[in-house]
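The sequence shown runs 5 to 421 under our numbering.
All residues carry an ideal CB built from backbone N, CA and C; glycine is no exception.
Step one of this worksheet: look at the structure below.
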Amino acid sequence: MSESKNIVIIGAGIIGLSSALWLQKAGHKVTIIDRQKPGEGTSFGNAGVLASFACLPFTRFSMLGKIPKMLLDQNSPLSISSRYIPEMCPYAWQYFRSCFRYPTAREALTQLQSKAFESDQVLLNMTGGQSFVRSQGSLALLADPESIEKIRKGEVLERQGQGVNLSLCNAKQVQEMEPSLAPFYAGGIYYPDTRFTVSPIQLSRCYAEYFIAHGGTIVEDEVQSINTNNQGVEVQLATDVQHFEHLVIAAGTASKTLVKQLKINLPLVSERGYHLMINSSSNKKPLSRPVAWLDKSIFMTPIQKQIRLAGTAEFADINAPAVQRRIENLKKVASAMLEGEAEVTSDWLGSRPSTPDSLPIIGHLPTQPKVTLAFGHGHLGLTLSAVTGRLVSEIIAGETPCVDLAAFSPMRFNSLI
């Protein structure tokens, strides 16, 4: 066990909570600071999927070619706010350059995924969070046979090459697995190792309650500024100033503003996603596992006795108002997937922290040895939360990390900026 430190984590989402648990387990005194209650930010609204199959970064040339057509289609899952274009221009250039490093990024993400399950199990078993997780696998469906054949020759082989356990399934097999679905599909992929949480917010609260019960502190306040010096880290809050030996920044999209105070500019943008909560039909067998409609880039997951339909990639300012058209499009997809008008009980909008190469930022800044960064997970925040927390603990302890961190270093963008 390393020497005990007084550590502050900015961010009470699933990444910050997981980091806090690993650091607490290692014997450190840990404080979490966030303006919201634990798990009530972006972590609240995720699709709830522990996506062990997700080892192919979105940043690749095959995806790049689809972007112009998607942006011209108002019904596509991808959009960019006109007011956000100035922020997106340097990001887009970095995205293009990162496509050349796709093989390296794919291997790095695969290695991170290889440690995700065992890292999850440590936290789930320790906190009792296992009661909120189900192991039913997941389905990824397509509407026509041509698309299935295309993906069979492409992504299926590529994922299998990365060690992902999967099988192709036809329409009859899908219907037997999920009879509540409308017959919009021709078939798809079954991932037997996928797990999901029946309540992302309850899982976050479970982690927070364990953390507090074992001596951790959670402060609900606004971080106004951060400063580092030879003695440690000074955090200016709305109500007071607090001092610590080490700082972990795990504040999602807000992390960009925080690291700017340390004179570091990272290419992190706001990728917003929506979800709908839908009442399950009482006349059919409930959905038993997450189901993705790949043509629409939508995930449907059983959450708290309802169905959560989550998706879209809307690049826009974090504080911009919701786009009603996006919500209406989701309602249409829900009705198509469930056959009949979907009974929507609520909708939600949150912002994912997105990097140009589709990899999270995990590591130290050479100029700031008392600061560790852990953000930028995009669509994989929940999936990679536990292994990220484990890496944060290993970094601060000076231990050899469980995976090579070179591809996740914040300094990797030096060659792109």
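About 13 Å separates the beta carbons of leucine 388 and leucine 127, which is beyond the 8 Å limit, so they are not a contact pair.
Under the 10 Å beta carbon count, arginine 329 is surrounded by fewer than 16 other beta carbons and is classified as exposed. If you look at glycine 20, you'll find it in the alpha helix (DSSP H) that goes 18 to 29. Three or more pairs of CB atoms, one per stretch, sit closer than 8 Å, so the region 39 to 53 contacts the region 207 to 224. In the same chain as leucine 170, and ignoring 5 residues on each side of it, the C-beta atoms closer than 8 Å to its own belong to Phe57, Val160, Arg163, Gln164, Ile193, Tyr194, Tyr195 and Pro196, in chain order.
For arginine 276, the three-state secondary structure derived from DSSP is strand.
Counting of Cβ neighbours within 10 angstroms places leucine 75 among the exposed residues, the total staying below 16.
Residue pairing from DSSP places alanine 314 in a beta bridge opposite His279 and Phe303. Listed in chain order, the non-local C-beta contacts of methionine 181 below 8 Å within the same chain comprise Leu143, Cys173, Tyr194, Ser292 and Arg293, local neighbours out to five positions each way being set aside. DSSP places glycine 165 in the helix class (H, G or I) of the three-state scheme. In this structure, Gln125 is the residue among Ser301, Trp97 and Gln125 with its C-alpha nearest to the C-alpha of serine 139. In the three-state scheme derived from DSSP, where H, G and I count as helix and E and B as strand, histidine 250 is classed as strand.
Sixteen is the threshold: since fewer than 16 other Cβ atoms of the shown chains lie within 10 Å of the Cβ of glutamate 403, the residue is exposed.
For glutamate 150, the uninterrupted alpha helix (DSSP H) segment begins and ends at 149 to 155.
Fewer than three beta-carbon pairs drawn from the region 231 to 247 and the region 72 to 86 are found closer than 8 Å, and the two stretches are therefore not classed as touching.
Taken atom to atom, the span from the alpha-carbon of glycine 380 to that of serine 413 is near 11 Å.
In the structure shown, the three-state DSSP call for arginine 138 is strand. Under DSSP, glutamate 180 shares a beta bridge with no residue. Taking C-alpha positions only, leucine 272 is separated from lysine 176 by approximately 43 Å. Within the same chain, Lys288 and Lys289 come within 7 Å of proline 183 by CB-CB distance, once the 5 residues on both sides are set aside. Within the region 25 to 79, the complete beta strand (DSSP E) segments at least 3 residues long are 33 to 38, listed from N- to C-terminus. Distance between isoleucine 36 and isoleucine 205, taken at the CA atoms: about 17 Å. Counting every other CB atom within 10 Å of its CB across the protein chains shown gives glutamine 308 a total below 16, marking it as exposed.
With respect to the 8 Å criterion, alanine 340 and alanine 186 are classified as neighbours on the basis of their beta carbons.
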